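These notes are about the structure you will find just below.
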Amino acid sequence: MMEKTFLMVKPDGVQRGLIGEIVSRFERKGFQLVGAKLMQIPTSVAEQHYGEHKGKPFYDELVSFITSGPVFAMVWQGENVIATARQMMGATNPKDALPGTIRGDYGVTVGKNIIHGSDSLESAKREISLFFKEEELVEYTRTVDGWIY
Ligand code: DAT
Ligand code: MG
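Read in the UniProt record's numbering, the sequence shown has 61 at position 61, and its numbers run on one by one without any break.
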């Protein structure tokens, strides 16, 4: 199924110069970038984004971390991109993430795990609309799509 997902290079990934590496992985896979921006997340948006974790012991640290510096927010499109991007990211805790995944290759601790990605169709829709206005997303065709699909 053709889907869109919300992916975000977290402040640690931006500071460590990993934006290009991460964008490159999804480009080379064949997914299509349809929206992107470097931004500083307001606390209120961070609280909405991580609303499902409110009350957990790591919640305050999570909100303060994600607002501690710029993030690179993206929307990617492709068949099964939601689940496939999660696989490419690797397990939440980098110590459990396999080599070859983004967290497995670049992360060490769960608090600084480089990248966020939507975990379901429902959260993808919610997160895309939380971070992007409709007019910030672009629709375009790529001639290479015939060699991917
Ligand atoms: P994911 O980012 O893989 O979707 P999640 O939604 O369960 O993972 O948690 C959101 C973020 O919160 C995660 O990327 C890092 C942080 N986090 C999760 N579990 C944690 C824990 N036990 N201790 C510290 N931070 C944690
Ligand atoms: Mg999550």
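Heads up, the beta-carbon is just placed ideally off N, CA and C, and yes, glycines get one too.
Predicted model, so just to flag it, every value in this text is computed and none were measured.
Verify the contact flag: residue i, CB atom, against every heavy atom of ligand 2, threshold strictly below 6 Å.
i           : result
residue 105 : no
residue 119 : yes
Compute the Euclidean distance between the alpha carbons of residue i and residue j, then round it to the nearest angstrom.
i           : j           : result
residue 51  : residue 140 : 33 Å
residue 56  : residue 62  : 10 Å
residue 24  : residue 59  : 30 Å
residue 114 : residue 143 : 31 Å
Using 7 Å as the threshold, is the C-beta distance between residue i and residue j below it?
i           : j           : result
residue 34  : residue 75  : yes
residue 90  : residue 111 : no
residue 127 : residue 6   : yes
residue 15  : residue 77  : no
Return yes when the C-beta of residue i is under 6 Å from any heavy atom of ligand 1, and no when it is not.
i           : result
residue 110 : yes
residue 80  : no
residue 150 : Only positions 1 to 149 of the chain appear in this structure, which leaves residue 150 out of reach.
residue 92  : yes
residue 131 : no
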